[in-house]
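Chains as they are written, first to last, in my numbering: chain G, 101 to 362; chain Y, 27 to 434. We treat Cβ as the ideally placed atom computed from N, Cα and C, and that holds for glycine. First the structure, in the form of structure tokens, and then the observations on it.
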């Protein structure tokens, strides 16, 4: 019997992700690019994922878009990134009760029931504190590549506290730390704790039940993961596919939706 | 039967009656002002029975601010107040009202300038300073009825006595300011009408317990202006009774003012996001979500049998009650109206209302197991709301409610 291919497209604020799935269970190909909503990022990842899978759009039975730019893509359906990260998180990690997803401009904590179904969620307030954008601003001030933040954090000898919640105020605080010759590594560790304490507050509102996992782009930053583990006093699983969770979830939903409407 | 006859027989629509009451209310205030009478600006939860008894005309800055915000004037007025030195952190109703006091013109809704202000802090504490500033700027008297926050579930006798003392003092002050006299007999009549209005209003809003609800929940945000400004008037009681009848008729016929299928029923917690009313409503409507419960609209229906209970009722206004009572109010709404979810407006203007919402959300989830979504917004400052963020939260909530229904 022919495989049923579905497509999940996650158009975030700073990156685009695409996953081709077969029969709602196997990831055939995937692509990520650091270009988000309003760019040609979605076209690039789509072309790459289809090319790697050796198929064309004609082979795709259903497409679901998700993420901040979900409405800008003309697929079969769009779904919120909340449901898609829950579905994708459950696929990647198996048994999971709490998912922390920190993306480019929002942070969310998802609670799942024992069947992997999203039960409830908490999202960040309107401001950018506790999100990937906050980290990007800090990377610019410090002139350190964001991809190296985890490593810098691991080498810190102590934590320089960054107490401002507001991104703009925290930026000034980091500048004054630099002016006082604080070690960049220690400042980065402080920044990670600032993010972690804010997200941990959210997580506690919805209730932290293990197993806890992390999805979204910021999960690649081991410094934030460590800080969150400490704040929440629990271990947090991450995966190489964490950033793809939303797109994977969308592709699985697309498969389920296809079967339902067949 | 000819068309003319049909029109004669047709009962007036409750909506038209309610709109007329609001229009008459403002016209009455203008007429009084033009006739040289003293006209007041009054807090929404000030005991309206007092000046209804005395035949004193007042208008409501909160109603005006909501109308200005809903018609797109919120940002202009807030900026005017900010340019006058008022902080962006202050309630947007207050900023709009303080701006109106200064510029004295708002094309969205004009009303007479005040000769005195009547403040009651049961639903809003910011109002004390807001009204004090108006009184000082315009050099007019301010009457305050202070209703302290109730740490206990019910206001005890000492608190009732405290409120009653102020009630009596307010009457004396009003007699001095306006030259009008208090009349006990008239007061009894007004109390009776006010209760009749309150009962009809609360019974009408409670009709959303039926599935489908006979009305769109956002309707009550529009109708509640009458519950605020004219609950002591016979016409209001009659209009709300007509509204109730229409809702009952809808239930009987399975009709609703909510257009489309009512797929999901939610409680909307907090004050409406007036500047973005259309977007907040349309997003829900398009997803088949009807609001079948609010605490805010019901806050203006007062039920009591005597003056002691009247004081008690004014002490039970949201924001004056303790957390347990607050939570019980919400749980009652959610259970009686079979809500599938709750939408919570974290309203930057109203810290007093929004402050307890995070804990309240936790209690709702624990006690009912329903999903909730929190969004940032503002009752009158359009700058504190993001459509994309609202949409994501609502879509997420709808997806959880859909999955819950499917699993049943």
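Rounded straight-line distance, which links the Cα of residue j to that of residue i
{"i": "residue 287 (chain Y)", "j": "residue 71 (chain Y)", "result": "36 Å"}
{"i": "residue 327 (chain Y)", "j": "residue 234 (chain Y)", "result": "16 Å"}
{"i": "residue 183 (chain G)", "j": "residue 425 (chain Y)", "result": "7 Å"}
{"i": "residue 433 (chain Y)", "j": "residue 179 (chain G)", "result": "19 Å"}
{"i": "residue 162 (chain Y)", "j": "residue 215 (chain Y)", "result": "35 Å"}
{"i": "residue 281 (chain Y)", "j": "residue 240 (chain Y)", "result": "6 Å"}
{"i": "residue 222 (chain G)", "j": "residue 234 (chain G)", "result": "19 Å"}
{"i": "residue 123 (chain Y)", "j": "residue 157 (chain Y)", "result": "9 Å"}
{"i": "residue 136 (chain G)", "j": "residue 42 (chain Y)", "result": "49 Å"}
{"i": "residue 194 (chain Y)", "j": "residue 160 (chain Y)", "result": "23 Å"}
{"i": "residue 331 (chain Y)", "j": "residue 79 (chain Y)", "result": "17 Å"}
{"i": "residue 392 (chain Y)", "j": "residue 210 (chain G)", "result": "15 Å"}
{"i": "residue 117 (chain G)", "j": "residue 308 (chain Y)", "result": "30 Å"}
{"i": "residue 32 (chain Y)", "j": "residue 57 (chain Y)", "result": "Confidence at residue 32 (chain Y) is low in this model, with a pLDDT of 45, below 50, so its placement is unreliable and the value that follows should be read with caution. The straight-line gap from Cα to Cα measures roughly 35 Å."}
{"i": "residue 101 (chain Y)", "j": "residue 409 (chain Y)", "result": "7 Å"}
{"i": "residue 307 (chain G)", "j": "residue 219 (chain Y)", "result": "48 Å"}
{"i": "residue 403 (chain Y)", "j": "residue 301 (chain Y)", "result": "9 Å"}
{"i": "residue 270 (chain G)", "j": "residue 94 (chain Y)", "result": "36 Å"}
{"i": "residue 60 (chain Y)", "j": "residue 359 (chain Y)", "result": "44 Å"}
{"i": "residue 291 (chain G)", "j": "residue 201 (chain G)", "result": "18 Å"}
CB contact check: residue i to chain Y, cutoff 7 Å
{"i": "residue 269 (chain G)", "result": "no"}
{"i": "residue 217 (chain G)", "result": "yes"}
{"i": "residue 107 (chain G)", "result": "no"}
{"i": "residue 226 (chain G)", "result": "yes"}
{"i": "residue 221 (chain G)", "result": "yes"}
{"i": "residue 172 (chain G)", "result": "no"}
{"i": "residue 180 (chain G)", "result": "yes"}
{"i": "residue 125 (chain G)", "result": "no"}
{"i": "residue 305 (chain G)", "result": "yes"}
{"i": "residue 264 (chain G)", "result": "no"}
{"i": "residue 183 (chain G)", "result": "yes"}
Which listed residue (the options) has its alpha carbon closest to that of residue i
{"i": "residue 276 (chain G)", "options": "G:185, G:241, G:245", "result": "G:241"}
{"i": "residue 198 (chain G)", "options": "G:205, G:206, G:204, G:214", "result": "G:214"}
{"i": "residue 112 (chain G)", "options": "G:168, G:186, G:248, G:104", "result": "G:168"}
{"i": "residue 216 (chain G)", "options": "G:349, G:357, G:297, G:159", "result": "G:349"}
{"i": "residue 294 (chain Y)", "options": "Y:341, Y:229, Y:366", "result": "Y:366"}
{"i": "residue 315 (chain Y)", "options": "Y:380, Y:40, Y:285", "result": "Y:285"}
{"i": "residue 258 (chain Y)", "options": "Y:430, Y:165, Y:226, Y:348", "result": "Y:226"}
{"i": "residue 196 (chain G)", "options": "G:204, G:186, G:202", "result": "G:186"}
{"i": "residue 331 (chain G)", "options": "G:312, G:109, G:285", "result": "G:312"}
DSSP three-state assignment for residue i, whether helix, strand or coil
{"i": "residue 67 (chain Y)", "result": "strand"}
{"i": "residue 109 (chain G)", "result": "strand"}
{"i": "residue 30 (chain Y)", "result": "Confidence in residue 30 (chain Y) is poor, its pLDDT being 42 and thus under 50, which makes the residue's placement unreliable; the coordinate value appears in the next sentence. In the structure shown, residue 30 (chain Y) sits in a helix (DSSP, three-state: H, G or I)."}
{"i": "residue 306 (chain Y)", "result": "helix"}
{"i": "residue 158 (chain Y)", "result": "helix"}
{"i": "residue 403 (chain Y)", "result": "strand"}
{"i": "residue 320 (chain Y)", "result": "strand"}
{"i": "residue 47 (chain Y)", "result": "helix"}
{"i": "residue 257 (chain Y)", "result": "coil"}
{"i": "residue 135 (chain Y)", "result": "coil"}
{"i": "residue 294 (chain Y)", "result": "strand"}
{"i": "residue 338 (chain Y)", "result": "helix"}
{"i": "residue 211 (chain G)", "result": "strand"}
{"i": "residue 83 (chain Y)", "result": "strand"}
{"i": "residue 369 (chain Y)", "result": "strand"}
{"i": "residue 129 (chain G)", "result": "strand"}
beta-carbon residue i near the ligand ATP non-hydrogen atom, thresh 6 Å
{"i": "residue 347 (chain G)", "result": "Among the components modelled here there is no ligand, and therefore nothing to report on the ligand ATP."}
Integer Cβ distance of residue i from residue j, believed to fall under 8 Å
{"i": "residue 169 (chain Y)", "j": "residue 145 (chain Y)", "result": "7 Å"}
{"i": "residue 406 (chain Y)", "j": "residue 422 (chain Y)", "result": "With a Cβ gap of about 26 Å, residue 406 (chain Y) and residue 422 (chain Y) do not count as contacting."}
{"i": "residue 65 (chain Y)", "j": "residue 167 (chain Y)", "result": "13 Å between Cβ atoms; not a contact."}
{"i": "residue 85 (chain Y)", "j": "residue 52 (chain Y)", "result": "7 Å"}
CB contact check: residue i to chain G, cutoff 7 Å
{"i": "residue 354 (chain Y)", "result": "no"}
{"i": "residue 422 (chain Y)", "result": "yes"}
{"i": "residue 172 (chain Y)", "result": "no"}
{"i": "residue 459 (chain Y)", "result": "Residue 459 (chain Y) cannot be examined here, being either before or after the span of chain Y that is shown, 27 to 434."}
{"i": "residue 384 (chain Y)", "result": "yes"}
{"i": "residue 418 (chain Y)", "result": "yes"}
{"i": "residue 6 (chain Y)", "result": "With chain Y represented from 27 up to 434, any question about residue 6 (chain Y) goes unanswered, as that position is not in the structure."}
{"i": "residue 402 (chain Y)", "result": "yes"}
{"i": "residue 230 (chain Y)", "result": "no"}
{"i": "residue 429 (chain Y)", "result": "yes"}
{"i": "residue 113 (chain Y)", "result": "no"}
{"i": "residue 397 (chain Y)", "result": "yes"}
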